[in-house]
Each structure stands twice: as C-alpha cells, then as structure tokens.
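Participant:
Protein chains: 2
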Amino acid sequence: MANNFLLSLSLIMATILGLFIGTVSSSSSADWNILNQKWRFKVEKTTNDLKTYCESWRINVEVNNIRGFSVVPQECVDHVKKYMTSSQYKADSERTVEEVRLYLSSGCCTLKGDGKDSWIFDIDETLLSTIPYFKNHGFGGEKVNSSSLEAWMMESKAPALDHKLELFHEIKNRGIKIFLISSRKEFLRSSTVDNLVNVGYHGWTRLIMRGLDDEIMAARKYHSKVRQQLVDEGYRIWGILSDQWSTSYGLPIPNRTFKLPNSIYYIA
Amino acid sequence: MANNFLLSLSLIMATILGLFIGTVSSSSSADWNILNQKWRFKVEKTTNDLKTYCESWRINVEVNNIRGFSVVPQECVDHVKKYMTSSQYKADSERTVEEVRLYLSSGCCTLKGDGKDSWIFDIDETLLSTIPYFKNHGFGGEKVNSSSLEAWMMESKAPALDHKLELFHEIKNRGIKIFLISSRKEFLRSSTVDNLVNVGYHGWTRLIMRGLDDEIMAARKYHSKVRQQLVDEGYRIWGILSDQWSTSYGLPIPNRTFKLPNSIYYIA
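Respectively, the protein sequence lines represent chains A and Y. Quick note on the working numbering: the first sequence kicks off at 54 and runs consecutively. Quick note on the working numbering: the second sequence kicks off at 54 and runs consecutively.
1. Please go through the same chain and pick out, in chain order, the residues whose beta-carbon is closer than 6 angstroms to the beta-carbon of Y/TRP110, but skip the five residues on each side of it.
2. Quick one: list the residues of chain A neighbouring Y/ASP145, beta-carbon separation under 8 angstroms, in chain order.
3. Considering just the uninterrupted stretch of the alpha helix (DSSP H) at A/ILE184, what are its terminal residues?
4. Checking contacts by CB at 8 angstroms: is Y/GLU118 closer than that to chain A?
5. Excluding the 5 residues preceding and the 5 following A/THR76 in the sequence, name in chain order all residues of the same chain whose CB lies nearer than 8 angstroms to its CB.
6. So, does the stretch 232-247 of chain Y touch the stretch 255-270 of chain Y, judging by three or more C-beta pairs under 8 angstroms?
7. Determine which residues share a DSSP beta bridge with Y/LYS9 and list them.
8. Which residue's Cα is closest to the Cα of A/PRO307: A/LEU313, A/ASP145, A/ASN86, A/LEU294?
9. Using a C-beta cutoff of 8 angstroms, does Y/MET54 count as contacting chain A?
10. Determine the chain Y residues that contact A/SER140 at a beta-carbon separation under 8 angstroms, and present them in chain order.
11. Looking at C-alpha atoms only, which residue of A/MET270, A/SER299, A/GLY303, A/PRO305 is the closest neighbour of A/GLY121?
12. Can you tell me where the beta strand (DSSP E) holding Y/SER295 begins and where it ends?
13. By the 8 angstroms beta-carbon criterion, what residues does the stretch 300-316 of chain Y contribute toward chain A?
14. Rounded to whole angstroms, what is the Cα-Cα separation between A/GLN282 and A/GLN127?
15. Should Y/ILE269 be labelled buried (16 or more other beta-carbon atoms within 10 Å of its own) or exposed?
16. Classify A/MET144 as helix, strand or coil using the three-state DSSP reduction.
17. Apart from the five residues just before and just after Y/THR105, which ones in its own chain have a Cβ nearer than 7 angstroms to its Cβ?
18. Counting C-beta neighbours from all protein chains within 10 Å, is the total for A/VAL250 16 or more, i.e. buried, or is it exposed?
19. What does the alpha-carbon distance come out to for the pair A/VAL252 and A/SER140?
20. Would you please verify whether the beta carbon of Y/GLU152 is less than 8 angstroms from any beta carbon of chain A?
21. Rounding to the nearest angstrom, what Cα-Cα distance links Y/ARG280 and Y/LYS91 in this structure?
22. Please report whether the beta-carbon of A/THR149 lies at a distance below 8 angstroms from any beta-carbon of chain Y.
23. Do Y/LEU181 and Y/GLY228 have their C-beta atoms closer together than 8 angstroms?
24. Report yes or no: do three or more beta-carbon pairs, one from the stretch 167-183 of chain A and one from the stretch 216-225 of chain A, lie closer than 8 angstroms?
25. For Y/HIS276, is the classification buried or exposed, using 16 other Cβ atoms within 10 angstroms of its Cβ as the cut-off for buried?
26. Starting from Y/ARG259, trace the alpha helix (DSSP H) both ways and give me its first and last residue.
27. Do A/SER316 and A/ILE156 come within 8 angstroms of each other at the CB atom, strictly closer than that value?
28. Using alpha carbons as the reference points, say which of A/VAL114, A/VAL125, A/ILE184, A/SER123 lies closest to A/LYS143.
29. Within 10 angstroms of the Cβ of A/SER325, are there 16 or more other Cβ atoms? Answer buried if so, exposed if not.
30. Can you tell me which of the three DSSP states Y/PHE240 falls into?
31. Assuming Y/ASN113 contacts A/ASP145 under a Cβ cut-off of 8 angstroms, what Cβ separation, rounded to an integer in Å, is found between them?
32. For Y/LYS196, which three-state DSSP category applies?
33. Ordered along the chain, which non-local residues of its own chain (more than five positions away) have a Cβ less than 6 angstroms from that of A/ASP170?
34. Specify the secondary structure class of Y/THR68 as computed by DSSP and reduced to three states.
35. Let me check one thing: in DSSP terms, what residues is Y/PHE32 bridge-paired to?
36. Do you know how far the Cα of A/SER209 is from the Cα of A/ASN248?
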C-alpha cells in the first residue's frame, strides 16, 4: 500500500515535472523559432534583394543598356560567377547557336557559291573560353590586366566553347567563308592560331587581329572598319556571332547579329 | 519475486516489441522517403529543366537573337507571365531608367538649347502597360488579336509604367523635346492621347502614329523612316527608350538605345 502510494506520488511528480519542462522548453523553442525565422527572413530578403539587383545589372549589360563597365560591381561578382559557370549560361549559349542554325536553314541567305558568302565569328567567349583565366583573376571583379591576360593567351590553353565548334564547321560546310575578327592584338597571332587548331577549329578564310593602328581605335570602330573592307572586297556578310555588341555596331549594318552572353568584361 | 519477474519480462517484451515496431516503421519510412525523394527529384529536375529552357528562350528574345515570334511557346507562357509580373521585371526596367539618367547626366549630349535636342519614347510597354490586357488574353500564348487589343486600347485604361512617368518629365525639363513614336495606328490617336494624359504624361512635342501607308510597312522601316524625317528637320536624337528592337533598327543610327524588357510579343 505504502509502495503503491509512493509509486503513484512519483508518477504524479514526474508528470508535473514533465509538463513543466515541456512547457518551458516548448515556449523557449517557440521564441527561438520566431527569432530564427525573423533572422532567416532578413537574410533571405537581403540575399533575394541582392540577387534581383545583380540579375538586373547582368540583364542590362546583356541588352547593352549598361556599357563600358571596367569591373563587375563588387557585390555582383559572385552572381556573375555563378551565372557564367552555370547550366543556364550553357543553355543560353546553346539556344543562341540553335537560332543561328534556324536562321541559316530558313532560307535567309541566297548563297551564290561565288566564294563571297561569308560569316563573322568573334573569338573570346565566342569560339574560345577565357573563363579558366578569369576564375583565377577575380571573375570580372578586378580591372582586366592586359599583360596578365595576354600572357595566359600566349599559352594557347583556352578551351573551345560548347556547340560553337560544331556550328563553325557546319557553317563552313555550307560553303560560307569564315572570317575571324578578334580584338586580340597581332602579336598573339601564332598563339591564337595554335589554340584554335588545338581545340579543333580549322579552315577559316582569314584571321583578322588588331594591328598597331587599330589598338588606339575603339573596338566598335575597328570592327566596323574591317566589315567595310570585307564588303568592299565583295563579301556578303550573312551574320555575326559574338559576345560583344561592339562587334556589330555601326556601318555596314550586318544582316543578322547573334549575341552570346558575357557579363565578365565589356569591350567598347 | 514473481511480480518482479513478471515486471522484468513485461519490460523485456515491451522493449523487443518497441525495437521491432521501430525497425519496421523506420525501414518502411526510409523506403517511402527514398521513393518520395526520387519522385521529388524527378519533378524538380523537370521543373528546373523547363525553367532553364524558358529562361533561355526569354533571354534570347531580349538580346534579339529570337526574332519575329508570333506566340510565346506554350510551355513557356507561365514562365513569361511569372517574369512580366515579377519584382525582377520591375527591377530590370528600373535599372534601365537609371541608366538613361546616368547617360543624360554624364555629359553625353551637348544640348544646344535651340529646340532641336530630342528624345524618342515608344508607348506600349515603355510608357504605358498593356499587361492588364494580356492577363486576360493568354499572356503571349495566343496570337495577338489586333481588333481585340485595339478595342481595349480605345478604352484608354492602360496604366503608366513605374519610373517612366518621372523619367519622361525629367527629360522634358532638361529642355529636350519629346517625340512619341508608336506602332499604334492613327485611328487610336485620341484614345492614346486621353490615356497618356489621364496617367500623367503631357508636354510632348509630337505623337507619331502609323498612317495607312505605314501599316503595310515593317515596324523597323516605319521607325527608321520617322527618325530620318526628324533628322532631316534638324533634330538631334540623343536616345530612344523602347521595349522593341525594331524601334531603333537601321538608319539613322541612334546615339543611344535603351531596351526595356518584353517577352510577351514581338514587333518586327
């Protein structure tokens, strides 16, 4: 009887203690949860605001509303890096290549087969990727150091960009002459040729690079000048594939321009 | 002693039963979790793949790689709707407006104050929003029914787009003349004027709309023709704000073009 009484008493005490502990712990855990939620909400809001802000920056670069930037805004370097190494970047570029194919198959261009049908490719971020370099050099967050970038280019190690290699050969096989017009300087010619050939590009008609006279000229003027020379030689330029707007700016107005994404650097 | 034995036996049995139930329930819950995870992974992958695909479509529209589409691909209507009604769309547009301000404050344009400095605004998806109409008409997923859209335009109920109203007056207050060049047809003139004035736009120099002759012409030719007329009248066009590339295509080449987002429809 005494044992039963003690057992009952213990059970009642334990229940009360349990209820007390439960209440205290659940109430403090609720407070903690609210604090935690508020904090997470703030962090998420700040993260989302920054994401929205940086995405707006990137999109306005892509459509050429933001021009001539020398560095990616510090707070957006991570965003740009994330995009430029993402499956979205690959998908966006692939879609651009698909649109070139669609354009060429749609009867856009009455090829005369007289050797004057032509296509212009840019090189960096179009046929070759300099992302391996920028991965080790601030990813757009540092002002481009030309000597350092050019030293890297001289190593001829830039990889080919997905889908561009196939497109290059497809266009060539249509009997269209390919002109490579690059903002790279003349002294990089042999390294550039080596690099292109090493990754599978061959059979272009002419590789045009910036000579000493062109170096002092804005890229858009240099590209316009070269296009004019080609037109003067009788070439019909059916299209341009490039990551930079300066490649297609001004006269002669290209039949079509295809813009690949690049928010790491801007060539004016 | 017997009681103690029974108690111990009960405890051992309960423990074994507990362990058994625990094992069974945790193992079936693990199986369930794996199935659930696999299913969720598949759904997420499909959702992510579609999101990536549609984002590539949208981006390639924005940079003018995809041209002349008559409807948004069915599978991307939700994506486009989500974007065009999102805070990202607002932020992207606001950033464009900020870039116009930056351009005008950067000493871009030596204003002569002779009444010949000018700026061109497009109307739909630039000053006014037709999104309320498209919300009820397939959001780009249905081919635009001109009669239905024009009937809606005649009601003069299109709201002003955020930030554009302020920009409009800021540019005007700089002493720059404002030309509104729209692809809307002439018969919509009074409804358009009413709409613009009702939401706060006033003080433009000229509203140019498509006459009967212009209607058979591609929008890009119409815009180019109008720009040429303005230049012939001695106007210096410092810039264009529009959601369509056709507004700034061809000659005369505008000093600057600012592209606002719009992936609902394309005017060639």
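For every residue, glycine included, the Cβ atom is placed at its ideal position computed from N, Cα and C.
Facilitator: In short:
1. By one-based count along the second sequence, residue 110 of chain Y stands at place 57. Contacts found: CYS129.
2. Counted from its first residue, the second sequence places residue 145 of chain Y at position 92. Going along chain A in sequence order, the residues near Y/ASP145 (Cβ under 8 angstroms) are GLU108, SER109, ILE112, ASN113.
3. For the purposes of this step, residue 184 of chain A is identified with residue 131 of the first sequence, where counting begins at 1. Here the alpha helix (DSSP H) through A/ILE184 covers 184-188.
4. Translated into the one-based positions of the second sequence, residue 118 of chain Y becomes position 65. Note that residue 118 of chain Y is Asn in the sequence shown, not Glu. Closer than 8 angstroms to some Cβ of chain A, the Cβ of Y/ASN118 qualifies, so yes.
5. Against the first sequence, residue 76 of chain A aligns to sequence position 23. For A/THR76, the predicted structure reports a pLDDT of 45, less than 50, and the residue's modelled location is therefore unreliable. A value from the coordinates is still provided. When the five nearest sequence neighbours on each side are left out, no beta carbon in the same chain lies closer than 8 angstroms to the beta carbon of A/THR76.
6. Counting Cβ pairs under 8 angstroms, three or more are found: they touch.
7. An answer regarding residue 9 of chain Y cannot be provided, because it is not within the stretch 54 to 321 covered by chain Y.
8. By 1-based counting over the first sequence, the position of residue 307 of chain A is 254. The option with the nearest alpha carbon to A/PRO307 is A/LEU294.
9. Taking the second sequence and counting its residues from 1, the one referred to as residue 54 of chain Y is at position 1. Any reading at Y/MET54 must be qualified, since the residue scores a pLDDT of 44, below 50, and its modelled position is unreliable; the value itself is stated next. It does not: the Cβ of Y/MET54 has no partner Cβ on chain A nearer than 8 angstroms.
10. Locating residue 140 of chain A in the first sequence gives position 87, counting from the first residue. Under the 8 angstroms cutoff, chain Y gives THR105.
11. Here residue 121 of chain A refers to the residue found at position 68 when the first sequence is read from its first residue. When only C-alpha atoms are compared, the closest one is A/SER299.
12. Counting from one through the second sequence, the residue named residue 295 of chain Y turns up at place 242. Counting along the chain, the beta strand (DSSP E) containing Y/SER295 begins and ends at 289-295.
13. So the list reads GLY303, LEU304, ILE306, THR310, PHE311, LYS312, PRO314, given in the order they occur along the chain.
14. Translated into positions along the first sequence, residue 282 of chain A becomes position 229. Translated into positions along the first sequence, residue 127 of chain A becomes position 74. Computed Cα separation, rounded: 40 angstroms.
15. Against the second sequence, residue 269 of chain Y aligns to sequence position 216. The residue in question, Y/ILE269, is exposed, as its Cβ has fewer than 16 Cβ neighbours within 10 Å.
16. Translated into the one-based positions of the first sequence, residue 144 of chain A becomes position 91. Correcting the residue identity first, residue 144 of chain A is Ala in this sequence and not Met. It is helical.
17. Your numbering for residue 105 of chain Y matches position 52 in the second sequence. Cβ neighbours of Y/THR105 within its own chain (closer than 7 angstroms, five residues either side excluded): none.
18. Translated into positions along the first sequence, residue 250 of chain A becomes position 197. A/VAL250 should be labelled exposed.
19. What you label residue 252 of chain A is simply residue 199 of the first sequence in a count that begins at 1. What you label residue 140 of chain A is simply residue 87 of the first sequence in a count that begins at 1. Those two C-alpha atoms are separated by around 22 angstroms.
20. Locating residue 152 of chain Y in the second sequence gives position 99, counting from the first residue. Yes, because at least one Cβ of chain A sits closer than 8 angstroms to the Cβ of Y/GLU152.
21. The residue labelled residue 280 of chain Y in the question sits at position 227 within the second sequence. The residue labelled residue 91 of chain Y in the question sits at position 38 within the second sequence. Going by the C-alpha atoms only, they are around 58 angstroms apart.
22. Counting from 1 along the first sequence, the entry for residue 149 of chain A is found at position 96. Residue-level contact by beta carbon holds for A/THR149 and chain Y, with a gap shorter than 8 angstroms.
23. What you label residue 181 of chain Y is simply residue 128 of the second sequence in a count that begins at 1. What you label residue 228 of chain Y is simply residue 175 of the second sequence in a count that begins at 1. Not in contact: Y/LEU181 and Y/GLY228 (Cβ atoms no closer than 8 angstroms).
24. Segments in contact, yes.
25. Translated into the one-based positions of the second sequence, residue 276 of chain Y becomes position 223. It counts as buried.
26. For the purposes of this step, residue 259 of chain Y is identified with residue 206 of the second sequence, where counting begins at 1. The continuous stretches of alpha helix (DSSP H) do not include Y/ARG259, which lies in the beta strand (DSSP E) extending over residues 259-263.
27. Within the first sequence, the letter at position 103 stands for residue 156 of chain A. Within the first sequence, the letter at position 263 stands for residue 316 of chain A. The sequence as given places Tyr at residue 156 of chain A; Ile does not occur at that position. No, the Cβ-Cβ distance between A/TYR156 and A/SER316 is not below 8 angstroms.
28. The count along the first sequence starts at 1 and reaches residue 143 of chain A at position 90. Closest by alpha carbon: A/ILE184.
29. Residue 325 of chain A is absent from the structure shown; chain A starts at 54 and stops at 321.
30. Numbered from its first residue, the second sequence carries residue 240 of chain Y at position 187. Reduced to three states, the DSSP call for Y/PHE240 is helix.
31. Working through the second sequence from its first residue, we reach residue 113 of chain Y at position 60. Working through the first sequence from its first residue, we reach residue 145 of chain A at position 92. Taking C-beta atoms under 8 angstroms as the contact rule, Y/ASN113 and A/ASP145 qualify, at a distance of about 7 angstroms.
32. Taking the second sequence and counting its residues from 1, one reaches residue 196 of chain Y at position 143. In this structure, Y/LYS196 counts as coil in the three-state DSSP scheme.
33. In the first sequence, residue 170 of chain A corresponds to position 117, counting from 1. LEU164, ILE229, ARG289.
34. Here residue 68 of chain Y corresponds to residue number 15 of the second sequence, with the count starting at 1. Reliability of the predicted coordinates at Y/THR68 is poor, the pLDDT of 48 falling under 50, and the value obtained from them is presented with this limitation in mind. For Y/THR68, the secondary structure class from DSSP, reduced to helix, strand or coil, is helix.
35. Only positions 54 to 321 of chain Y appear in this structure, which leaves residue 32 of chain Y out of reach.
36. Here residue 248 of chain A refers to the residue found at position 195 of the first sequence. Here residue 209 of chain A refers to the residue found at position 156 of the first sequence. So the two alpha carbons sit approximately 4 angstroms from each other.
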